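Below is one structure, written out as structure tokens, with a few remarks after it.
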Amino acid sequence: MGNGVEAAYKVFASLAPVELFEQFDTCDPSGIEDSYACTGLEVGQFQFFDNPSKATSTTQLLTELRSSRVVEDSGSKVVGWTTIGTMSIITVVDNDEGLVLQQMVSSDKIDPEERIYELGLSTPKEDPEEETVKTSTETSTASKN
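So, in structure tokens, the structure goes:
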């Protein structure tokens, strides 16, 4: 990792897997205090913020706006997106550390939920029906043995 990427990773590692940071070519201070802009040819541009008040307000937006969707909310970590027109802002918040990751994407071209999983920002929940089928299959197999 070079060009500021390692420094950004040290601060923002709780927001995204190392595999995402490895795809960045550069991470530079973005002009806003305690923030970085990280860019990679394959993954695009991401904004990172080390700001507890931004983390709090962003969590509030994600969890309360009708135009927002949340795919993970543990209280300390919130992952989701907000749609404004045809733009979606993918967001990860670490409330314990006061950190925020955001990427703006065109929702006409990219499904924000799929993008979140593709980038490893969250893992899809198993479908409860699939889990039930799997469990009952495992149970019937175990009882035959």
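Each residue of the sequence shown is one higher than the last, beginning at 0 in numbering that gives the first Met the number 0. Beta carbons: idealized from backbone N, C-alpha and C, even for Gly. Predicted model, so just to flag it, every value in this text is computed and none were measured.
- Here Val-91 is not near Val-104, since their CB atoms are 7 Å or more apart.
- Here Lys-124 carries a coil assignment [DSSP, helix/strand/coil].
- Glu-112: member of the alpha helix (DSSP H) spanning 111-117, first to last residue.
- In this structure, Cys-37 places its C-beta atom within 7 Å of the C-beta atom of Ala-7.
- Asp-24 is the residue among Ser-34, Ser-52, Glu-112 and Asp-24 whose C-alpha sits nearest the C-alpha of Gly-43.
- Closest in alpha carbon position to Val-99, among Asp-107, Glu-21, Asp-33 and Tyr-116, is Asp-33.
- According to the DSSP assignment, Lys-76 belongs to the beta strand (DSSP E) that extends over 76-83.
- According to the DSSP secondary-structure assignment, Arg-68 is paired through a beta bridge with Trp-80.
- Between Ser-67 and Leu-61, the beta carbon gap of about 5 Å places them in contact (Cβ cut-off 8 Å).
- If the five residues before and after Asn-2 are omitted, its C-beta is found closer than 6 Å to the C-beta atoms of Thr-25, all from its own chain and listed in chain order.
- For Met-0, DSSP assigns no beta-bridge partner whatsoever.
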